[in-house]
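Let me begin by presenting the structure, written as structure tokens, before commenting on it.
Chains as they are written, first to last, in this note's numbering: chain B, -15 to 269; chain A, -15 to 269; chain G, -15 to 269; chain L, -15 to 269.
See below:
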């Protein structure tokens, strides 16, 4: 009995390499889902008007971007507050791979924490506050130092859509150079004026690159913002390879981009379910 | 006793990193093979005329391509129905890393599910239906968004055979540009007309690239189609590197390609056995 | 009870792939921290005047650089002796992935071991002894054969700061070519004269490349030297990609570099805590 | 007690990702070494005159090259027979990641198995038989399809030594093009004439590339041949990157190569011990 039980579980650790781990997670969830869900969804001190599923999406999104190599120890995922649209939700200052529901805090429209309770906050929360202010359609913001996008952030070559999953890039990807308006800085968006300038460069686009820093991807849901952060990184790496082959790559047209983006919305749960299955077991206690 | 048992198993989790996991799998199979085989091979509702080994190959093929990074949350592996050659078999709409025998459905020659029982199906099943219709010799079709091939799909540089394992590429690799015949689309093969056009571009070749999308590899068995999908991805990455060195690479000639392909058929079980040993433990319940 | 216990632990092995392992580590630490701390911090024969936290930083630094692929079987992390500043601390001759507190030895200002007790020492300890002699501000030295930097070590293209995390590179990165002063050698810094020459080329900079060999990163703490070794490797890979896109990349200016470096000091614990959590469980006995 | 035992072991599975697994292996060996050693060293039917340590080196070498990504399902490691120098030892036809001492067979100087007992053999055993015949100094031969070297095998750009670990490449790396002497073939070294031609191109060098196929690295011990196969792959990848930066890289001179190679011999156990610790636990039964 014990033997069988242990065997069933440990066997899965054989598959704990690379992508195989994600598969083992499917079964693990059956056992631990109750507890893992609690960690993903229920803060010790509840956030008024915030449902558990939103917190889970934020936790899964933060952790999967670390797992996929889009984030390292830095970067963050936020969401607009669902019942108080002037506010937003974001983790306390913490590596994204470690975020739980309990780490998520509420911020007002100026990026001030509503109830800090001694927790430290991200220097760059103004990326989020100013984009939520400027773009009422945006429900989630992801900031990364993705290794794919950094070379494009310092290059004159624009990022363009290589295939249908990053189709949203076909709308055009602006680059924000902090030095143009602000001279020599620490490179970080550490006040509202910097955030406003970044939001102005983003304008109505889904992604903006930050020179010598990284990028910001936005979306109408946490899932879509995370999906876009991931595929922006993938696209950048593939575009570099296509350029190295020589000649002008045959990019998606804006019309193709728009149509393909609709399909991405329709099928996002196929990849999100895989990602969720990979992440939930890491939350079990 | 318990101690010894647990130790024997858990020790293997030390080897659960990268390729080491695959080795541990060898031993794990001895214990779990019965149950894992069942999951790989036996659907809850049997598929008439379909033997268990074919389902296992489809499950192993789907999962190993995810493990090898050829597939992410998208892409699919199908097989011609072994006793009703107008029909074919393919998973319900699901990330390939998660496919079990129970997820495999039967489709008719127009891509309609024979007995859906509420399961959702892939938008792009017409890739498969129209290739099976046009190519009676094809017994398996694999569709990927492989990161190796996407740069070649948008480039004028043709994919060519770099070494003997991807020798099948020496026959020439056509590129299908959906925009040529159909204008601006969602990029997806979501109806029969698109599938027919793709099959016409594939013609009598083993692989076709899809501009801004990915590729399709076919084979006389599931094993060969999976092998080709894998080595097409590897070849593309190596060809990019050879081109970056400067000068024209010394590719395999068509004659070399034909001869080497025969050897690949002869030795495929050496790598397939390794892949199977990596995947089976992920199926144990 | 046992069942629950085993389940709780083994479940985490599902997440033992790639970055997921690091998350599992958070919980593991709760259980094993006492013992793992002992291994990271307490040598069998105490090092007089050396506190446990410094040894832990050296162990974590050695192991995380191997985990991050910055080191393979070679390379080393040292620290200036905290109470005898003419001396320094470094592991016996051992792959960095295997270092424990017990392996750390004390060396005098000429690189001679103070109390070898039969342990073998690194040939290249003169890298460390001569930099500590020449640079009183340096408290830690890391030597790597990082795959990112080797191409730059044999190129005329200077390494320059691509983004804010490797901002310290904006000060300029000298390249030391052992052949210039010493002719044909084994390439290794195996005596004091070679170490002095390397230290002279490093001058007042944070990083020096070694032609056909690797690099040295220094810092005011072990954490900062490890951080710099890691981001030097990352920067080199990203700079290669930016150059391949064509045109001159828009690098950080020296002024930006200085300001951003101050922020790096302020936030280093965010990534160090993640790294520590990944490494501590590997030390439990 | 059981709890403590299980905890001690399972905790290590937290570290089972990437390079961390290798660290956990250190402890695992303490427990399983007896049994793992047996699998690495003791064939069911003893090989006369072959000591256990040699078989272990062959098993560790085969498996670590798969773990390091130098080999996939194909490639092989052989050793000259220690007491019958006209014969050599090599695995039966099997993926290198799966080799145990029991799979190692003896072959005569023409590549015929001495006592096949129904086991299948590698098509390309003539690579080994003809190099042992032509080069009495060679004690071990490794054949790979390493992804680093394939681009160089089809390029006019010669592989040259980038840093001190692959210093042996400074002697020059010939490329064998099977087509020159034999016209269009299957690309494989499937008879003695092909093996002789390859050995003639290798001449007195440590490595030869095979056009559109891979490479062969030889050494005075199994450890050195494996070390060279690994660093040839690493060097090729780094040389590609250096070339992409533009300008002529500053390669090691032949004189530097010779001197550095002597140091490699002296320090090889530092990396071999790490590799052995990673591999032994995968052999425990």
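C-beta: ideal position from N, C-alpha, C; glycine also.
Here the structure is a predicted model, which means the values were calculated and not measured.
Check: Cβ-based burial, residue 40(A) [other Cβ within 10 Å; buried from 16]; Outcome: buried
Check: Span separating the alpha-carbon of residue 186(B) from that of residue 204(B); Outcome: 15 Å
Check: Proximal residues of chain A, C-beta to C-beta of residue 182(L) below 9 Å; Outcome: Per Cβ cutoff of 9 Å: no residues; residue 182(L) is ~14 Å from chain A at best.
Check: DSSP-derived helix/strand/coil call for residue 112(B); Outcome: helix
Check: Environment of residue 232(G) [buried if 16+ CB atoms lie within 10 Å]; Outcome: exposed
Check: Which of helix, strand or coil DSSP assigns to residue 268(G); Outcome: coil
Check: Endpoints, the beta strand (DSSP E) within which residue 249(L) is located; Outcome: Residue 249(L) -> not in any beta strand (DSSP E); alpha helix (DSSP H) instead, spanning 238 to 263.
Check: Residue-level contact to chain L via CB, residue 45(G), 8 Å cutoff; Outcome: no
Check: Cutoff 8 Å: residue 232(G) Cβ touching any chain L Cβ; Outcome: no
Check: Close-in-space but distant-in-sequence residues of the same chain around residue 181(B) (CB under 6 Å, 5 per side omitted); Outcome: 165
Check: Closer than 7 Å: residue 193(B) CB and nearest the ligand SAM heavy atom; Outcome: Summarising the ligand content, the structure contains no ligands, and the ligand SAM is consequently not present.
Check: Straight-line gap, residue 251(A) to residue 64(A) (C-alpha atoms, nearest Å); Outcome: 23 Å
Check: Closest residue to residue 149(A) among 70(A), 218(A), 131(A) and 50(A) (Cα-Cα distance); Outcome: 218(A)
Check: Buried versus exposed, by CB contacts within 10 Å (16 or more), residue 104(A); Outcome: exposed
Check: Residue 160(G) versus residue 76(B) - alpha carbon distance; Outcome: 43 Å
Check: Short CB-CB distance (under 8 Å) between residue -12(B) and chain G; Outcome: Residue placement at residue -12(B) cannot be trusted, given a pLDDT of 33 that sits under 50; what the coordinates show is reported in the next sentence. No, residue -12(B) lies away from the interface with chain G (no Cβ there is under 8 Å from its Cβ).
Check: Where the alpha helix (DSSP H) through residue 217(A) begins and ends; Outcome: 206 to 229
Check: Sub-8 Å separation of residue 272(B) and residue 20(B) beta-carbons; Outcome: With chain B covering only -15 through 269, there is no way to say anything about residue 272(B).
Check: Residues in the segment 60 to 71 of chain L having any Cβ partner in chain A nearer than 8 Å; Outcome: none
Check: Reduced DSSP secondary structure (H/G/I, E/B, other) of residue 151(L); Outcome: helix
Check: Below-8 Å beta-carbon distance, residue 256(A) vs any chain B residue; Outcome: no
Check: Pairwise C-alpha distance: residue 102(G) and residue 126(G); Outcome: 24 Å
Check: Residue 73(A) - containing alpha helix (DSSP H), residue span; Outcome: That residue, residue 73(A), is in no alpha helix (DSSP H); its beta strand (DSSP E) goes 72 to 75.
Check: Residues that residue 131(A) contacts on chain L, provided the C-beta gap is smaller than 9 Å; Outcome: Ordered by position in chain L, no residue passes the 9 Å Cβ test against residue 131(A), which lies about 14 Å from the chain.
Check: Listed by chain order, chain L residues near residue 216(A) by CB distance under 8 Å; Outcome: Here the premise fails: no neighbours, minimum Cβ distance about 14 Å.
Check: Proximal residues of chain L, C-beta to C-beta of residue 135(G) below 7 Å; Outcome: 222, 225, 226 and 229
Check: Contacting residues, own chain, Cβ-Cβ under 7 Å from residue 67(G) (five flanking each side not counted); Outcome: 33
Check: Residue 62(A) - partner residues in DSSP beta bridges; Outcome: 74(A) and 125(A)
Check: Beta-carbon neighbours of residue 112(B), restricted to chain G and to distances below 7 Å; Outcome: The premise fails here: residue 112(B) is roughly 17 Å from chain G at the closest Cβ pair, so nothing lies under 7 Å.
Check: Under the three-state DSSP convention, the category residue 39(B) falls into; Outcome: helix
Check: Cβ-based burial, residue 259(B) [other Cβ within 10 Å; buried from 16]; Outcome: buried
Check: Residue-chain proximity (residue 17(L), chain A), Cβ-Cβ < 8 Å; Outcome: At residue 17(L) the pLDDT is 45, less than 50, meaning the model places this residue with poor confidence and gives no usable figure here.
Check: is_contact[residue 79(B), chain G] using C-beta, thresh 8 Å; Outcome: yes
Check: Where residue 159(A) falls: helix, strand or coil (DSSP); Outcome: strand
Check: First and last residue of the uninterrupted beta strand (DSSP E) at residue 200(L); Outcome: 198 to 203
Check: For residue 111(L), the nearest candidate out of 88(L), 37(L) and 74(L) (CA to CA); Outcome: 74(L)
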